[in-house]
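All remarks here apply to the structure that follows.
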Amino acid sequence: MSKKAIGIDIGGTGIKGAIVDTKNGTLLSERIRFATPDGGTPKAIAKTLKELIVQLPGAQGLPVGICFPAVVKSGRTMSAANVSKEWIGFDADTFFEKELQREVHVLNDADAAGIAEVKFGAARDAKGLAILTTLGTGIGTALMFNGKLIPNAELGHLEIDGVDYESKAAFSAKEREELSWEQWAKRLQKYFSRLEALLTPDLFIVGGGVSKEHESFIPLLKLKTPIIPAQNRNSAGILGAAHFAKKHASD
Ligand code: BGC
């Protein structure tokens, strides 16, 4: 049986996609990127996805996994971070299946990154509770217990010091406020300590684009829990989404 699926990662600024070998987690095509259309409405995004998929050689008939910055319950997007509010309460699976004329499975972007790490990366064989955090525009979180995803954890929105702490500790806050690594690490320290106090995890995995600079901030954190960088960085969403689609494909 073919172990191929298309993985697509929709973000507030870019949409990336590739064909994935879902058995070993390798990309079987180039990674193609388009800018997210202004407004990020379902219709506009579907148009971009069609343009992207025709550029993938051999994409015909393959199931599509799409990861998205929102809570996704049974294929329905329940929130919308940095994209149109039209996605709230929207049946995204059915909509994309009609638009793309093939089987589609949508999931949260951090959950896709978590799947990528459990199946093909830093959390392979991890026992107990592993928490992946993506530090980007927002903070995405994925909970994995003995390699199994507990979907839709929204722990980026923990309230600390009276604010939604994503606004303080995401990588976008570092950039916006021009924080040094040390200043940013103080906020990360608060954030990860709180997660640690609430959940007593066995492993933290730090994902998102900034994880390639892990040496600048992970050593500054003092935690009881081991904390390591993700192995799949730019492709994590694509790999996890494709794996999710293949796993739920009807064939
Ligand atoms: C959203 C999450 C998402 C994360 C990363 C947060 O603002 O609430 O659903 O996973 O951003 O994109």
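Using my numbering, count along the sequence shown one by one with no gaps and you end on 251. Positions of the beta carbon are idealized from the N, C-alpha and C atoms, including for glycine. Please read all numbers here as calculations on a predicted model, not as lab measurements.
Exercise for the section: Would you list the residues sitting across from His105 in a DSSP beta bridge? Expected result: Gly65
Handout entry: Assigned secondary structure, Ala241 (DSSP; H/G/I helix, E/B strand, else coil)
Key = The answer is helix: DSSP assigns Ala241 an H, G or I state.
Exercise for the section: Confirm, please, whether the CB-CB distance from Thr141 to Ile150 is below 8 Å. Expected result: No, the Cβ-Cβ distance between Ile150 and Thr141 is not below 8 Å.
Practice task
Round the Cβ separation of Ala236 and Thr22 to the nearest angstrom and send it over; I've been treating them as touching at under 8 Å.
Solution key: In fact, because the Cβ distance is near 14 Å, the residues do not count as touching under 8 Å.
Exercise for the section: May I have the straight-line CA-CA distance separating Ile15 from Cys67, to the nearest angstrom? Expected result: 10 Å
Exercise for the section: Since I believe Ala116 is in contact with Asn232 (beta carbons under 8 Å), could you give me their beta-carbon distance rounded to a whole number of angstroms? Expected result: 4 Å
Exercise for the section: Taking 8 Å as the threshold, find out whether the region 64-82 comes into contact with the region 121-129 through three or more Cβ pairs. Expected result: no
Problem - Alpha-carbon to alpha-carbon, Lys168 and His157 - result: Using only the alpha carbons, I get a separation of about 10 Å.
Problem - Residues that DSSP places opposite Val163 in a beta bridge - result: Answer is Ile160.
Problem - Cβ contact check for the region 163-181 and the region 199-206: 3 or more pairs under 8 Å - result: Output reads no: the region 199-206 does not touch the region 163-181.
Practice task
May I ask you to verify whether the region 188-197 touches the region 214-223, counting CB pairs closer than 8 Å and requiring at least 3?
Solution key: yes
Exercise for the section: Kindly examine the ligand BGC and report whether one of its heavy atoms sits closer than 7 Å to the Cβ of Ala81. Expected result: The answer is yes for Ala81.
Handout entry: Same chain, Cβ closer than 7 Å to Gly39, five either side skipped, listed in chain order
Key = Ser84
Problem - Residues that Gly17 bridges to, as DSSP identifies them - result: Ile8, Ile32
Exercise for the section: Might you give, ordered along the chain, the residues of its own chain that have their beta carbon closer than 6 Å to the beta carbon of Ile53, omitting 5 neighbours on each side? Expected result: Ala59
Practice task
Mind checking which residues open and close the alpha helix (DSSP H) that includes Val54?
Solution key: 42-54
Practice task
If I'm right that His105 touches Asp91 with Cβ under 8 Å, what's the distance once you round it to whole angstroms?
Solution key: Beta-carbon to beta-carbon, His105 and Asp91 are separated by about 13 Å, too far to satisfy the 8 Å threshold.
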